[in-house]
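Take the sequence shown: its position 10, counting from 1, is numbered 315 in this note's numbering, and each next residue is one higher. From the three backbone atoms N, C-alpha and C, an ideal C-beta is built for every residue, glycine too.
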Amino acid sequence: MTETDTTPAPRSTELREGLRGYGVFLIITGGIALASALILTIEKVHLLENPEEALACDLSAFVSCGGVVNQWQASVFGFPNPLMGIVGFTMVVLLGVLLVSRVVLPRWFWGGIAIGVTFGMGFVTWLQSQSIYDIKVLCPY
Numbered sequence: 306m307t308e309t310d311t312t313p314a315p316r317s318t319e320l321r322e323g324l325r326g327y328g329v330f331l332i333i334t335g336g337i338a339l340a341s342a343l344i345l346t347i348e349k350v351h352l353l354e355n356p357e358e359a360l361a362c363d364l365s366a367f368v369s370c371g372g373v374v375n376q377w378q379a380s381v382f383g384f385p386n387p388l389m390g391i392v393g394f395t396m397v398v399l400l401g402v403l404l405v406s407r408v409v410l411p412r413w414f415w416g417g418i419a420i421g422v423t424f425g426m427g428f429v430t431w432l433q434s435q436s437i438y439d440i441k442v443l444c445p446y
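In structure tokens form, the structure reads like this:
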């Protein structure tokens, strides 16, 4: 009987380089989104402390954080929505760092990322529709 080699083939260097570029993209875009979520959370706290003051992101009657963060849609799960953004976008930055570091991630991790991204996209789409059609005010963050 002959022995067969059962070791997996090495991963392609080109694939790794593509993932590194994607990792850099995730770090940059996730960092921008994380900063936006942090700013919006700070603005919400500022609004709770000073309900009469205008927020820094209140640009006009149609573009205003103050007009959005006071609505029930801004705290769907009982806490401010930007807190979910802080957690979610931290995960995006973390994924980018792992990809840049050339860490091979297990299949279950990618499944979790896919579920999280699907939930996030659906939730953001719902929030956009609420902002456009029900609240009729856009928040720049």
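Tell me which residue opens and which closes the alpha helix (DSSP H) that residue i is part of.
| i | result |
| --- | --- |
| PRO385 | No alpha helix (DSSP H) holds PRO385; DSSP gives it neither H nor E. |
| TRP413 | 412-434 |
| VAL368 | Here VAL368 belongs to no alpha helix (DSSP H), and DSSP marks it neither H nor E. |
Suppose you measure from the CA of residue i to the CA of residue j; what does that come to, to the nearest Å?
| i | j | result |
| --- | --- | --- |
| LEU339 | LEU388 | 10 Å |
| ASP439 | ARG407 | 45 Å |
| ALA379 | ILE420 | 22 Å |
| VAL329 | GLY425 | 21 Å |
| ASP363 | ILE333 | 26 Å |
| LEU326 | PHE382 | Checking the displayed sequence, the identity of residue 326 turns out to be Gly instead of Leu. Distance between the alpha carbons of GLY326 and PHE382 is about 35 Å. |
| THR430 | VAL409 | 31 Å |
Can you name, in chain order, every residue of its own chain whose Cβ lies under 6 Å from the Cβ of residue i, other than the five neighbours on each side?
| i | result |
| --- | --- |
| GLU348 | LEU360 and CYS370 |
DSSP state of residue i, grouped into three classes?
| i | result |
| --- | --- |
| LEU443 | strand |
| SER406 | coil |
| ALA361 | coil |
Examine the ligand COA and report whether any of its heavy atoms sits within less than 7 Å of the Cβ of residue i.
| i | result |
| --- | --- |
| MET396 | By its list of ligands, the structure shown contains no ligand whatsoever, and the ligand COA lies outside what it can speak to. |
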